[in-house]
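Structure first, commentary second.
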Ligand code: ADP
Ligand code: ADP
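In the working numbering, the protein residues as written are 68 to 295.
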């Protein structure tokens, strides 16, 4: 699903953000990406979501070499990726339904399909009854779940999350992680960048650790803790 093949990234200012990074996340796998602030996590996510290009090496998503894409292919690849951010970036003057519907409206789905899919996605995150509410009427954890519903509404094979629990307390964070787990069990590949080691220590998933732009660990979180 995600393959990094000797990837290095130097930003225009000369800042070396990644050095010879190699890893592979298989279809249907769930994995974490951890590391301190400035380690290179966001850069990895930006390379996957085509917001940045590698300086050296190859990034493959769902079998497509991102370096070989023409401009017109980019929207098709992006469609395969659901993105979740720390701040959910909801439109506060629209209903929950309209927020989740947005990606489908942009893609020109019929009203009937939109209703069906938005309801399915809201059901999945446990917020079907809040469809007509304004986001402001929801708690922080619920708003984050609306963001997740929006990210999965067109059923992408890959879900990417950048610090998805950054603003949430431990209990809500765990709820969000359980939701990712459920999405993964429904067949989605899930890749989550976080610095919340305490949270992921309670979940037995693969963990990639990045430090100063280098991948220094790749294994089960248990092993990582033992090695520290
Ligand atoms: P993390 O997400 O782990 O905090 P980043 O990937 O954001 O790390 O950053 C990795 C390194 O690249 C840092 O040294 C950061 O300052 C640098 N960096 C990130 N984005 C840019 C950019 N757009 N231009 C220049 N340097 C950047
Ligand atoms: P149909 O193929 O009959 O038109 P759909 O393709 O809309 O039906 O839905 C098929 C199944 O996928 C349903 O069980 C529905 O609940 C589920 N589903 C719909 N949207 C999503 C979603 N965003 N994420 C996960 N499952 C979904």
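Here a beta-carbon is modelled for each residue, glycine too, at the ideal position from N, C-alpha and C.
Since the structure is predicted, the reported quantities are computational estimates derived from the model, not experimental observations.
How is the alpha helix (DSSP H) around residue i delimited, first residue to last?
i           : result
residue 248 : 237-252
residue 164 : 163-173
residue 110 : 108-115
residue 182 : 178-191
residue 212 : 207-219
residue 124 : Premise fails: residue 124 lies in the beta strand (DSSP E), 123-128, not in any alpha helix (DSSP H).
residue 265 : 264-268
residue 145 : 141-146
Identify the continuous beta strand (DSSP E) that holds residue i and give its terminal residues.
i           : result
residue 101 : 97-101
residue 273 : 273-278
residue 194 : No beta strand (DSSP E) holds residue 194; DSSP gives it neither H nor E.
residue 260 : 256-260
residue 90  : 83-92
residue 281 : 281-287
Residues in the same chain with beta-carbon distance under 6 angstroms from residue i, minus the five sequence neighbours each way, listed in chain order, please.
i           : result
residue 255 : 226
residue 219 : 149 and 188
residue 295 : The pLDDT assigned to residue 295 is 45, lower than 50, so where the model puts this residue is not dependable, and the model offers no usable value.
Looking at residue i and ligand 1, is the gap between the Cβ and the nearest heavy atom below 7 angstroms?
i           : result
residue 108 : yes
residue 272 : no
residue 233 : no
residue 214 : no
residue 80  : yes
residue 116 : no
residue 84  : yes
residue 104 : yes
Within a Cβ cutoff of 8 angstroms, which residues of the same chain sit near residue i, ignoring the five residues on either side of it in sequence?
i           : result
residue 84  : 76, 77, 78, 107, 110 and 280
residue 282 : 88, 89, 90, 275 and 276
Less than 7 angstroms between C-beta atoms, sequence neighbours within five positions excluded: which residues of the same chain meet that for residue i?
i          : result
residue 92 : 68, 69, 98, 256 and 258
Pop quiz: residue i and residue j are said to be a contact at Cβ under 8 angstroms. What is the actual Cβ separation, rounded to whole angstroms?
i           : j           : result
residue 144 : residue 128 : 6 angstroms
residue 169 : residue 217 : 6 angstroms
residue 71  : residue 126 : 6 angstroms
Answer yes or no: does any C-beta atom of chain C fall closer than 8 angstroms to that of residue i?
i           : result
residue 170 : The question asks about chain C, but that chain is absent: this structure has only one protein chain.
Task: At least 3 beta-carbon pairs within less than 8 angstroms: the segment 226-239 vs the segment 147-165 - done: yes
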